[in-house]
Ligand code: SF4
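Residue numbers (the numbering used here): 68 to 360.
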């Protein structure tokens, strides 16, 4: 099921259907549920996304370990105070929401893994901020979530979405790619443009390592979600303008898989390399584990 973006796009073009329709049809067959029930399941997830993108903006959400938290609240308050972010109003608001979801995750709150917990902020933050700015209905956002699901399935089938298997490129990279492809569809782009948004996003995130301090999904994960949103926005605009990835999107996904295979194990969620191995990273890890005794 969904072995390549090329096949997914071709199917949509030949049947003159949207990517969302193709993915929903496939899901009804796989789940043996009606189309209404499949959409209802996604609607439940959308509600969780709405809550988790909001919670961190309303109050500082601290992690259980104490090494992260409160960034979404700080940033949101700065925006609400009328400061002018150089990243622009839509991107900056999406960044705040991405931070929120990952702080909720680190605080043991409820999130939707899209595709993983560590990368759960990028997709909802992007889509819900576009809903705010462009006044999309919930049904349109649900369609976009199905597009993201189809893209995620291709990535899982050709590579993986696990930091332990492929580094952070596989987690936040895949999440940003899913969000970019889904957003292009939401904004009226063609299936081909969605696929190229995926390719452009992933190209720009290849090689990103997974180096969580103390092995916890907090540092650098929370802020990497804000950065993932930014990468996604770059690809959305380029793809909608008709810019394409010279390397076909499926080949970009394959390159990510191959990079993951040769990546050092210290850089694949072991908490032994990269930022986790810095003096501050080690000091924080020692404190976390000391405090937990
Ligand atoms: S650094 Fe590792 S644990 Fe954190 S978001 Fe990236 S892949 Fe996930």
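Glycine is no exception: its CB is placed at the ideal position from the N, C-alpha and C atoms. Keep in mind it's a predicted model, so treat the numbers as computed, not measured.
Item to check | Nearest to residue 298 (by Cα), restricted to the options 338, 324, 192 and 226 | outcome: The residue you call residue 298 lines up with position 231 of the chain shown. The option with the nearest alpha carbon to residue 298 is 192.
Next on the checklist: Whole angstroms are fine: how far does the CA of residue 213 sit from the CA of residue 133?
Outcome noted: Numbered from 1 along the chain shown, position 66 holds the residue referred to as residue 133. Numbered from 1 along the chain shown, position 146 holds the residue referred to as residue 213. Their Cα atoms are separated by approximately 35 Å.
Item to check | residue 118 versus 165, 136 and 108, residue with shortest Cα-Cα distance | outcome: Numbered from 1 along the chain shown, position 51 holds the residue referred to as residue 118. Put simply, of 165, 136 and 108 the residue whose alpha carbon is nearest the alpha carbon of residue 118 is 165.
Checklist entry - Cα-Cα, which of 294, 205, 247 and 256 is closest to residue 84? => result Numbered from 1 along the chain shown, position 17 holds the residue referred to as residue 84. Residue 256 is the option with its Cα nearest to residue 84.
Item to check | For residue 136, the three-state DSSP class (helix, strand or coil) | outcome: Position 69 of the chain shown, counted from the first residue, corresponds to residue 136. Residue 136: strand per DSSP, three-state reduction.
Item to check | Identified DSSP bridge partners for residue 335 | outcome: Locating residue 335 in the chain shown gives position 268, counting from the first residue. DSSP output for residue 335 lists 277 as bridge partner(s).
Next on the checklist: Suppose the cutoff is 6 Å on Cβ atoms and the five residues either side in sequence are ignored; what does the same chain contact list for residue 160 look like?
Outcome noted: For the purposes of this step, residue 160 is identified with residue 93 of the chain shown, where counting begins at 1. 196.
Checklist entry - Does the pairing of the region 266–285 with the region 322–335 give three or more beta-carbon distances under 8 Å? => result yes
Next on the checklist: For the ligand SF4, is there any heavy atom lying closer than 7 Å to the beta carbon of residue 288?
Outcome noted: Here the question's residue 288 lines up with position 221 in the chain shown. Residue 288: yes, Cβ under 7 Å from the ligand SF4.
Checklist entry - CA-CA distance, residue 114 and residue 330? => result Within the chain shown, residue 114 is the residue found at index 47, counting from 1. Within the chain shown, residue 330 is the residue found at index 263, counting from 1. For residue 114 and residue 330, the distance between alpha carbons rounds to 37 Å.
Checklist entry - So does residue 136 have its beta carbon nearer than 7 Å to some heavy atom of the ligand SF4? => result The residue given as residue 136 occupies position 69 in the chain shown. No - the ligand SF4 has no heavy atom lying nearer than 7 Å to the Cβ of residue 136.
Next on the checklist: Quick check: the Cα distance between residue 248 and residue 101, rounded to an integer number of angstroms?
Outcome noted: Sequence index remark: in the chain shown, residue 248 carries index 181 (1-based). Sequence index remark: in the chain shown, residue 101 carries index 34 (1-based). About 25 Å.
Next on the checklist: Among the candidates 78, 153 and 229, whose CA atom is the shortest distance from the CA of residue 185?
Outcome noted: For this step, residue 185 is matched to residue 118 along the chain shown. Closest option to residue 185, Cα to Cα, is 229.
Item to check | Member of 81, 222, 279 and 267 whose CA lies at the smallest distance from the CA of residue 135 | outcome: The residue labelled residue 135 in the question sits at position 68 within the chain shown. Of the candidates 81, 222, 279 and 267, 279 places its Cα closest to the Cα of residue 135.
Next on the checklist: With H, G and I counted as helix, E and B as strand and the rest as coil, what does DSSP make of residue 117?
Outcome noted: If you number the chain shown from 1, residue 117 lands on position 50. Reduced to three states, the DSSP call for residue 117 is helix.
Item to check | Touch test, the region 86–99 against the region 139–151, Cβ-Cβ under 8 Å, three pairs minimum | outcome: no
Checklist entry - Any chance the region 260–268 sits against the region 231–248, with 3 or more Cβ pairs inside 8 Å? => result yes
Item to check | Residue from 241, 312 and 307 whose Cα sits closest to the Cα of residue 226 | outcome: Position 159 of the chain shown holds residue 226. When only C-alpha atoms are compared, the closest one is 241.
Checklist entry - Are the Cβ atoms of residue 319 and residue 266 separated by less than 8 Å? => result For the purposes of this step, residue 319 is taken as the residue at position 252 of the chain shown. For the purposes of this step, residue 266 is taken as the residue at position 199 of the chain shown. Cβ distance < 8 Å, so residue 319 and residue 266 count as in contact.
Next on the checklist: Please determine whether the Cβ atom of residue 230 lies at a distance below 7 Å from any heavy atom of the ligand SF4.
Outcome noted: Here residue 230 refers to the residue found at position 163 of the chain shown. Yes.
Item to check | Host alpha helix (DSSP H) of residue 201 (start-end) | outcome: Taking the chain shown and counting its residues from 1, one reaches residue 201 at position 134. Counting along the chain, the alpha helix (DSSP H) containing residue 201 begins and ends at 189–201.
Checklist entry - Taking C-beta to C-beta, are residue 314 and residue 270 nearer than 8 Å? => result Taking the chain shown and counting its residues from 1, one reaches residue 314 at position 247. Taking the chain shown and counting its residues from 1, one reaches residue 270 at position 203. Yes, these two residues count as a Cβ contact at 8 Å.
Next on the checklist: Just to confirm, is the Cβ distance from residue 339 to residue 220 under 8 Å?
Outcome noted: What you label residue 339 is simply residue 272 of the chain shown in a count that begins at 1. What you label residue 220 is simply residue 153 of the chain shown in a count that begins at 1. Not in contact: residue 339 and residue 220 (Cβ atoms no closer than 8 Å).
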